[in-house]
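Colleague: Which chain is which? The protein sequence lines are L, E, Y and F, in order. For the first sequence, the numbering used here assigns the number 167 to the initial residue and increments by one for each residue that follows. For the second sequence, the numbering used here assigns the number 167 to the initial residue and increments by one for each residue that follows. For the third sequence, the numbering used here assigns the number 167 to the initial residue and increments by one for each residue that follows. For the fourth sequence, the numbering used here assigns the number 167 to the initial residue and increments by one for each residue that follows. Handing you a structure now.
4 protein chains.
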Amino acid sequence: MRESCGLFGIFSPKPDLNIARTVYYGLIALQHRGQESAGIAVTDGEKIKYHKGLGLVNDVFDEEVLGELSGRAAIGHVRYSTTGSNVFENAQPIVVACQRGTLAVAHNGNIINTCELRKQLESKGSSFRSTTDSEIVALLLIERGPDVLHACLDAMHSLQGAYCLLVMDQQRLIAIRDPLGFRPLCMGRLDDCVVFASETVALDAVGAEFVRNIEPGEIVMVSGSGVESYRVSSSKNAFCVFEFVYFARPDSVLENVSVYSARERAGRLLALEQPADADLVVGVPDSGTVAAIGYSNQSGIPYGMGLIKNKYIGRTFIQPSQKLRNLGVRLKLNALGELVKGKSIVLVDDSIVRGTTMGQIVKMLRSAGARSIHVRIASPPIRYGCYFGVDTSDRRELIAAILEEKKIEQLIGADSLGYLSLEGLVNAVGLPSDRLCLACFNGAYPLEVPSICTKYLFEKE
Amino acid sequence: MRESCGLFGIFSPKPDLNIARTVYYGLIALQHRGQESAGIAVTDGEKIKYHKGLGLVNDVFDEEVLGELSGRAAIGHVRYSTTGSNVFENAQPIVVACQRGTLAVAHNGNIINTCELRKQLESKGSSFRSTTDSEIVALLLIERGPDVLHACLDAMHSLQGAYCLLVMDQQRLIAIRDPLGFRPLCMGRLDDCVVFASETVALDAVGAEFVRNIEPGEIVMVSGSGVESYRVSSSKNAFCVFEFVYFARPDSVLENVSVYSARERAGRLLALEQPADADLVVGVPDSGTVAAIGYSNQSGIPYGMGLIKNKYIGRTFIQPSQKLRNLGVRLKLNALGELVKGKSIVLVDDSIVRGTTMGQIVKMLRSAGARSIHVRIASPPIRYGCYFGVDTSDRRELIAAILEEKKIEQLIGADSLGYLSLEGLVNAVGLPSDRLCLACFNGAYPLEVPSICTKYLFEKE
Amino acid sequence: MRESCGLFGIFSPKPDLNIARTVYYGLIALQHRGQESAGIAVTDGEKIKYHKGLGLVNDVFDEEVLGELSGRAAIGHVRYSTTGSNVFENAQPIVVACQRGTLAVAHNGNIINTCELRKQLESKGSSFRSTTDSEIVALLLIERGPDVLHACLDAMHSLQGAYCLLVMDQQRLIAIRDPLGFRPLCMGRLDDCVVFASETVALDAVGAEFVRNIEPGEIVMVSGSGVESYRVSSSKNAFCVFEFVYFARPDSVLENVSVYSARERAGRLLALEQPADADLVVGVPDSGTVAAIGYSNQSGIPYGMGLIKNKYIGRTFIQPSQKLRNLGVRLKLNALGELVKGKSIVLVDDSIVRGTTMGQIVKMLRSAGARSIHVRIASPPIRYGCYFGVDTSDRRELIAAILEEKKIEQLIGADSLGYLSLEGLVNAVGLPSDRLCLACFNGAYPLEVPSICTKYLFEKE
Amino acid sequence: MRESCGLFGIFSPKPDLNIARTVYYGLIALQHRGQESAGIAVTDGEKIKYHKGLGLVNDVFDEEVLGELSGRAAIGHVRYSTTGSNVFENAQPIVVACQRGTLAVAHNGNIINTCELRKQLESKGSSFRSTTDSEIVALLLIERGPDVLHACLDAMHSLQGAYCLLVMDQQRLIAIRDPLGFRPLCMGRLDDCVVFASETVALDAVGAEFVRNIEPGEIVMVSGSGVESYRVSSSKNAFCVFEFVYFARPDSVLENVSVYSARERAGRLLALEQPADADLVVGVPDSGTVAAIGYSNQSGIPYGMGLIKNKYIGRTFIQPSQKLRNLGVRLKLNALGELVKGKSIVLVDDSIVRGTTMGQIVKMLRSAGARSIHVRIASPPIRYGCYFGVDTSDRRELIAAILEEKKIEQLIGADSLGYLSLEGLVNAVGLPSDRLCLACFNGAYPLEVPSICTKYLFEKE
């Protein structure tokens with residue numbers, strides 16, 4: 167399961183030699199939101215320069231490149247990883263110039279009316295270099311120009327779906343969050359600079375102070391004249407609950423709720439809803455660790471690190487083949503035999519998508535001597551695909567969309583399987599359920615989901 | 167002095183697994199026309215895929231990438247080298263999609279009415295991702311769509327300057343040469359495939375047979391229905407004489423004239439026009455070698471390799487600094503003392519641009535014992551900048567635009583200096599002078615040269 | 167603080183195409199023991215081939231290289247990382263050939279009588295290509311040949327210090343552990359193959375079964391004739407307690423003691439010895455996590471992940487400079503404000519070396535709102551340098567060797583500071599104290615420590 | 167056909183920050199003698215540092231590395247290229263330390279009594295890390311120490327074969343040439359520094375003045391006390407004639423004979439010995455170019471560049487496969503149709519080894535329209551393998567060792583084939599035949615050739 171992207175932007179009232187470096191550190195703090203590509207665009211008030219590339223932030227930028235990117239405002243972007251892809255064109259920020267001006271755009275989310283928008287833009291003469299929705303957003307904005315602010319306000323009436331945007335022209339930095347507020351975006355202050363970031367951890371990383379979240383439907387524009395805010399009407403909210411369940415770093419605060427606390431509470435409620443007669447609580451690292459701590463805290467069953475992760479398994483790892491294939495997940499995770507031997511274990515994870523990894527982990531714990539294994543999931547079964555930025559749109563890959571819980575329990579080989587209820591998850595997060603998007607669990611999409619636009623005009627290497 | 171680009175295209179009547187590989191070999195044969203970036207786009211009849219990157223053809227492509235680019239038609243491009251630049255966006259082919267379809271475009275030349283065209287395109291809603299004229303051409307074509315052929319015909323009335331183009335949509339491959347025919351473009355046949363290339367050497371490299379040159383103002387379209395040709399009116403021609411003087415590989419045939427023969431004749435005529443009382447004819451490798459052979463053949467003065475080039479001096483070569491700076495050109499060229507000692511030498515090169523290298527060579531030959539050095543140049547003094555694809559647009563760098571011949575002779579330290587006359591050069595080439603662009607020598611630009619468009623909207627790293 | 171190395175070896179009764187691949191996976195499981203270089207040597211019964219390189223196991227090996235290394239026995243090695251070094255010669259295994267045969271040697275540990283041995287070897291005609299003690303070991307073994315077994319037995323009387331060795335000739339694989347048994351080495355079985363590894367996690371990773379530890383002073387030789395064991399007299403043992411404190415992976419079992427359990431018990435005993443009036447137990451990730459869990463389990467004070475580590479901070483990370491330097495440790499660790507705010511915290515780590523990082527962490531937690539911070543260290547103060555494989559030989563860098571505890575408390579800014587007693591640590595490990603090396607804590611070196619051999623004959627890049 | 171190596175050394179009376187940089191430029195000038203690996207060792211009077219790596223000089227060294235290698239004396243080495251090999255251990259200089267001191271050794275040539283020497287060294291306790299003869303030389307020297315000069319003198323009585331050596335300890339730089347003087351080695355002066363190089367072109371490149379050749383059997387030692395020379399008895403000489411035929415750069419002067427002149431004279435004599443009724447003389451670039459010029463000068467038949475080489479064909483070039491294999495040599499060489507069409511051609515090359523390439527070239531010229539092709543080779547048929555540094559030791563690959571001239575003529579498809587006589591070649595070089603090694607032509611090996619030592623103790627990747 168993968169998130170779309172991470173955003174970081176900064177506006178300085180005066181020229182700043184280190185502006186790209188600050189974005190660099192912000193992006194490193196957001197690296198968990200995307201490892202495919204990274205990019206930074208900078209304006210010095212007259213020209214927009216940028217650098218982007220495939221790989222981790224560390225790989226794309228070096229001292230020399232950062233040194234050339236001084237200016238007064240900057241936006242940065244990290245994009246999620248697709249195995250084997252090598253698609254330079256998809257890297258962001260997208261920088262586009264036309265009669266109405268020049269814009270750099272960074273986008274996190276997923277637009278669902280891309281077919282329609284692309285047709286409209288094409289009918290007005292726009293041409294495309296990629297198949298990304300982010301390019302559509304950039305062209306929509308530039309097409310509505312030259313007044314960037316009005317273009318943004320206008321675009322918000324056309325765009326449907328999930329979008330947090332950082333938009334920069336030569337003089338202005340604009341942060342936008344869609345009316346339903348699917349994805350997080352917050353504002354901070356670093357000395358006399360205004361900072362925007364997808365998660366508060368990026369503010370912490372650069373030493374910025376949290377000011378507030380960008381509101382759903384809000385446009386915040388920073389320029390030499392200061393900070394201005396605009397709103398489009400936004401009747402309901404739909405913050406992606408999966409940000410709490412999995413995506414965000416535990417030390418982030420989203421919608422004023424600590425992600426760590428939400429996960430810990432989810433673990434506690436899971437213990438109440440799905441108790442188990444066990445000797446030890448084990449979390450699947452790193453996704454299930456916090457909920458496992460919560461489960462232990464609530465149930466009084468001791469918490470132990472029964473599974474250890476090998477942190478050196480990188481992306482170029484050579485897969486085991488033939489005779490060695492039975493090594494499976496064992497290279498990435500190892501069971502701590504001494505701890506689990508003879509024990510009845512509560513095995514906690516944040517969610518189950520396809521179920522294959524969980525099956526291997528259960529098997530590994532049994533080989534290590536666990537007496538019984540009670541799998542507890544700190545969120546409800548995922549039964550519906552996501553159209554708003556999570557890469558689970560094909561329901562056929564979701565085990566809970568196909569099988570009943572009892573069958574899943576058998577498939578993964580657990581002695582028992584228990585999910586947190588949707589009510590429990592909402593309570594754990596602590597936000598009203600009408601402010602959350604829970605569609606992957608209950609199918610209640612906050613926006614009508616159109617048939618997907620599959621007519622790709624060209625494909626890239 | 168640097169040329170713009172090299173083009174190679176192929177259309178196969180049936181799917182061909184090796185189509186990108188053929189383009190790869192074609193581009194390697196054209197590598198002398200550009201070393202900055204390389205790219206290949208392929209269509210399988212439905213989708214256009216591409217791969218491009220910075221560096222030599224060998225560096226950009228490997229077996230794996232070529233293996234993924236099978237199809238029925240393909241175009242490839244090599245671009246000239248700029249020290250230290252790293253501009254992925256400028257790599258070609260440019261692939262662009264809009265309402266009217268999808269196009270891949272590869273361009274060799276230089277458009278001079280870019281300001282005007284860009285304004286027009288912007289006023290109709292086009293947006294840009296780079297500052298290259300090639301992107302303008304691509305957008306112009308796609309904007310005039312969806313009938314690619316008519317778009318091409320139409321675009322030829324708007325485009326001013328030098329352009330050879332290979333244009334490919336999902337089903338068609340189109341070769342275009344501007345009405346003045348500045349740059350070369352030829353057609354060949356390889357089994358049942360139609361092939362296009364900037365120079366005939368690329369046909370030779372892939373084993374294709376030369377069919378004919380694309381005519382100035384001609385559009386050749388290859389599709390499943392065969393080969394069709396269209397012409398726009400073209401009152402005069404202006405084939406760049408510098409292709410004969412320097413750019414093209416000597417084994418190419420341009421406008422049905424062998425480059426080698428033209429250079430050899432230039433050397434012969436130079437010997438007649440600018441005789442010298444000497445013992446040995448030496449060419450500056452590799453640019454002056456052929457003309458030196460011609461000079462020797464005509465004059466009867468023996469030809470000798472008095473200068474040897476180190477072929478291992480690459481682009482990452484560490485420049486001599488401080489104390490060692492006096493090594494200068496010596497690392498790249500070495501004088502053959504045994505041969506030149508005590509001799510009166512005719513030193514032949516194709517042209518003089520700034521004069522610094524020639525000065526160092528003369529000095530080196532003198533240190534090696536040459537008694538006297540008579541510099542002979544197989545083309546006239548370059549007095550005017552080029553706006554049609556040669557990187558000499560700043561007249562202030564052209565020594566012959568600033569100094570008289572006698573002064574240049576002193577500056578480079580030669581015992582005598584003689585240029586081939588313009589008439590001589592034209593005779594050597596053997597084409598009527600009204601079919602050639604001789605502007606860099608006589609300032610007679612075949613098109614009115616506008617003030618250059620310097621308003622760059624954004625700059626890239 | 168850094169360990170020396172990790173070892174992995176395998177002997178198969180029949181030719182095995184995948185033998186290097188198995189070593190590869192074993193080394194990845196041992197990667198935490200060394201990230202500077204990696205190497206694998208393989209014998210097919212007649213020739214010894216090898217491949218080694220700088221970097222992580224993943225970077226050094228690819229499918230092609232592994233494919234060429236088939237055979238019947240293989241040994242592999244990972245070496246610790248030194249910033250900026252690029253010393254290919256230090257990579258292991260070292261392969262050396264002489265009259266008496268050919269040997270591949272991989273070494274973990276540190277020899278202390280290198281000066282003397284080198285002089286002896288030199289006096290007998292040996293020559294060196296590096297300054298490593300591992301080369302000395304290899305030469306000592308080959309010099310005592312040609313009977314490898316006797317050479318090994320003999321060498322054990324000469325070698326002083328810590329050494330686990332894997333030695334391989336064309337037909338035999340030999341595992342050696344020094345008489346004091348400083349470093350771990352275990353034996354396992356994978357199908358009909360014999361496997362050796364520095365830690366049991368490597369057995370787990372390749373699916374091998376643990377058989378037993380190699381005993382201090384033991385030589386285990388595997389050949390076509392089976393497994394033979396030999397012992398030299400070994401009056402006392404001195405297993406490095408720091409393997410339990412820090413080096414080994416928590417899921418390893420050393421000397422039949424689970425590392426995780428030892429750390430958890432250390433945390434429990436720390437809670438008893440050094441109680442604190444607090445609301446929350448926080449471990450410094452990853453080094454203090456297990457002890458923190460133990461502290462929480464014993465004290466009943468809830469455990470929480472008050473510090474989150476950024477797992478994407480790699481080795482090429484650009485350090486903050488000038489204005490941004492105050493970011494300090496914040497890029498690597500972040501305090502979880504919501505959790506720690508207003509709380510009195512027990513902050514647990516495994517040890518304090520220089521004290522600078524701990525000071526920054528305390529400061530960070532205070533900024534995040536912690537009310538009071540009680541630092542608890544799950545081992546005694548490190549007061550003595552190590553000469554047996556740990557990179558802390560310069561006492562001047564050890565804060566506890568210079569300052570009293572009260573001063574350290576002030577320096578790191580803690581409300582209180584408490585160390586586990588040596589007795590407590592020994593009890594936590596559960597081995598008799600006379601089987602452990604505790605020298606870094608009590609200065610009781612199990613071997614007389616000679617003045618270090620500093621006369622480096624040559625230095626390498 | 168490949169040469170072994172190139173050497174460059176320098177001794178400065180005072181510390182020189184640029185000493186490694188000078189070696190770097192010297193090695194670039196010698197790059198044609200070896201492309202597999204490069205290395206430089208430097209002494210500052212106390213320590214010897216070095217850096218070496220696989221690849222071209224340009225790839226192995228950068229500003230940073232050169233900056234760290236300052237000192238008073240330095241030696242450098244380039245090694246020949248073997249496709250696909252990756253043998254770091256074979257890179258030179260070899261730096262070795264033992265009781266008697268520390269030495270850096272760089273070697274060009276081939277030792278033929280390696281078996282015997284290795285056994286002797288092994289019996290005295292030496293051990294090996296590679297299978298190269300250069301390591302044997304280094305160990306032999308260090309074993310005979312500690313007086314380096316005497317060790318060198320002594321070693322010359324043991325070493326049999328071809329060897330030019332640069333040997334450096336902390337204070338001295340020694341140049342050695344074997345008593346038969348197979349390979350070239352010269353001495354120059356650069357300001358107040360003494361310089362040694364395999365060919366004079368390297369002196370030219372760094373701006374040094376040629377002083378004299380090192381004599382066969384001579385040892386030249388440079389130290390703070392100045393330059394000293396020693397000789398061992400040397401009854402006859404055997405300078406490799408193939409250095410003149412192929413290896414050396416044409417602008418080098420070997421044994422006081424200009425390589426260019428020797429080749430040009432060989433071409434002239436070839437024209438006298440093997441006249442042809444032809445219209446054009448064409449050389450195979452670059453190996454046959456100079457002889458072709460000589461043939462033309464003598465015969466009066468015009469010289470023309472009938473074959474053009476693609477200088478961008480690098481080592482990573484993707485080979486044509488299946489359907490495209492018939493492209494063969496065409497990607498590397500192209501025939502100049504315009505020039506050769508209808509002509510009777512004299513095609514000149516320096517030598518024929520296996521004959522396959524020559525066959526393809528003849529075919530290519532015929533396709534390009536050549537009427538008849540008379541192949542002329544500027545040296546005699548190669549009928550015997552070389553044991554002194556040229557990679558042609560397997561006679562079965564030498565076409566002239568298997569087939570008669572008439573058969574070779576047929577095989578390569580030439581209208582006629584003519585070789586220069588051995589007498590002609592010796593006359594062209596201009597040295598007495600008893601000062602040359604002509605073994606590859608006449609089998610008269612200057613040293614008894616032992617059966618080759620094939621018992622490789624270990625193989626490296």
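All residues carry an ideal CB built from backbone N, CA and C; glycine is no exception. If you're wondering where the values come from, they're calculated on a predicted model, not measured in any experiment.
1) DSSP three-state label for T297(L), please.
2) For the stretch 305-335 of chain E, enumerate the residues whose C-beta is nearer than 8 angstroms to any C-beta of chain L, in chain order.
3) Between which two residues does the beta strand (DSSP E) carrying H243(Y) extend?
4) In chain order, what residues of the same chain lie with their CB nearer than 6 angstroms to the CB of P547(F), ignoring the 5 residues before and after it?
5) Helix or strand or just coil, what does DSSP make of K498(L)?
6) For C603(E), which three-state DSSP category applies?
7) Could you give the distance in angstroms between the alpha-carbon of G219(L) and the alpha-carbon of Y246(E)?
8) Would you verify that the beta carbon of R367(L) is, or is not, closer than 7 angstroms to some beta carbon of chain Y?
9) Note down the Cα distance separating A428(F) from G242(F), rounded to an integer number of angstroms.
10) Apart from the five residues on each side of it in sequence, which residues of its chain come closer than 6 angstroms, Cβ to Cβ, to C406(E)?
11) Looking only at its chain, what residues have a beta carbon closer than 6 angstroms to the beta carbon of S510(L), apart from the 5 residues adjacent to it on each side?
12) Quick check on the DSSP output: what are the complete beta strand (DSSP E) runs of length 3 or more inside the stretch 336-361 of chain Y, in order along the chain?
13) Distance, Cα to Cα, F227(Y) vs Y190(Y)?
14) Straight-line CA distance for P324(E) to A610(E)?
15) Can you tell me whether E570(F) is helix, strand or coil according to DSSP?
16) In chain order, what residues of the same chain lie with their CB nearer than 7 angstroms to the CB of G250(L), ignoring the 5 residues before and after it?
17) Using only alpha-carbon positions, find the residue among K573(E), D600(E), Y478(E) and L577(E) that is nearest to Q201(F).
18) Within 7 angstroms of any Cβ in chain E, is that where the Cβ of E229(F) sits?
19) Taking DSSP as the reference, what is the three-state secondary structure of G392(Y)?
20) Assign C330(Y) to one of three DSSP states: helix, strand, or coil.
21) Please state whether DSSP places D515(L) in a helix, a strand or coil.
Modeller: Let me lay it out:
1) The sequence position of residue 297(L) within the first sequence is 131, counting from 1. Under the three-state reduction of DSSP, T297(L) is assigned to coil, being neither helix nor strand.
2) Within the stretch 305-335 of chain E, the residues whose Cβ lies closer than 8 angstroms to some Cβ of chain L are L305, I308 and E309, listed in chain order.
3) Position 77 of the third sequence holds residue 243(Y). DSSP places H243(Y) in the uninterrupted beta strand (DSSP E) bounded by G237 to R245.
4) Working through the fourth sequence from its first residue, we reach residue 547(F) at position 381. Correct list, in chain order: A566 and Y585.
5) The sequence position of residue 498(L) within the first sequence is 332, counting from 1. K498(L) carries a coil assignment under DSSP once its states are collapsed to helix, strand and coil.
6) By one-based count along the second sequence, residue 603(E) stands at place 437. In the structure shown, C603(E) falls within a strand segment according to DSSP collapsed to helix, strand and coil.
7) To locate residue 219(L), count along the first sequence from 1; it is residue 53. To locate residue 246(E), count along the second sequence from 1; it is residue 80. So the two alpha carbons sit approximately 22 angstroms from each other.
8) Position 201 of the first sequence, counting from 1, holds the residue named residue 367(L). Arg is not the amino acid found at residue 367(L); the sequence shown has Val there. By this cut-off, V367(L) is an interface position.
9) Taking the first residue of the fourth sequence as 1, we reach residue 428(F) at position 262. Taking the first residue of the fourth sequence as 1, we reach residue 242(F) at position 76. Straight-line spacing of the CA atoms in A428(F) and G242(F) works out to 28 angstroms.
10) Taking the second sequence and counting its residues from 1, the one referred to as residue 406(E) is at position 240. Non-local C-beta neighbours of C406(E) in its own chain, meaning closer than 6 angstroms and more than five positions away in sequence, comprise F348 and C603, ordered along the chain.
11) Here residue 510(L) is taken as the residue at index 344 of the first sequence, counted from 1. Annotation for S510(L): A444, D445, R537 and S538 place their beta carbon closer than 6 angstroms to its own, counting only its chain and skipping 5 residues before and after.
12) Correct list: 339-343 and 352-356.
13) Against the third sequence, residue 227(Y) aligns to sequence position 61. Against the third sequence, residue 190(Y) aligns to sequence position 24. Distance between the alpha carbons of F227(Y) and Y190(Y) is about 8 angstroms.
14) By one-based count along the second sequence, residue 324(E) stands at place 158. By one-based count along the second sequence, residue 610(E) stands at place 444. Note that residue 324(E) corresponds to Ser in the displayed sequence, not to Pro. The C-alpha of S324(E) lies about 22 angstroms from the C-alpha of A610(E).
15) Along the fourth sequence, read from residue 1 onward, the residue named residue 570(F) stands at position 404. Here E570(F) sits in coil by DSSP.
16) Taking the first sequence and counting its residues from 1, the one referred to as residue 250(L) is at position 84. In this prediction, G250(L) has a pLDDT of 39, which is less than 50 and means its spatial position is unreliable; what the coordinates show is noted afterwards. Closer than 7 angstroms at Cβ, skipping near neighbours: no residue.
17) For the purposes of this step, residue 201(F) is taken as the residue at position 35 of the fourth sequence. Comparing Cα positions, the closest option is Y478(E).
18) Translated into the one-based positions of the fourth sequence, residue 229(F) becomes position 63. With 7 angstroms as the cut-off, E229(F) counts as an interface residue toward chain E.
19) For this step, residue 392(Y) is matched to residue 226 along the third sequence. In the three-state reduction of the DSSP assignment, G392(Y) falls in the strand class, which pools E and B.
20) Here the question's residue 330(Y) lines up with position 164 in the third sequence. The answer is strand: DSSP assigns C330(Y) an E or B state.
21) Sequence index remark: in the first sequence, residue 515(L) carries index 349 (1-based). Note: D515(L) maps to strand in three-state DSSP.
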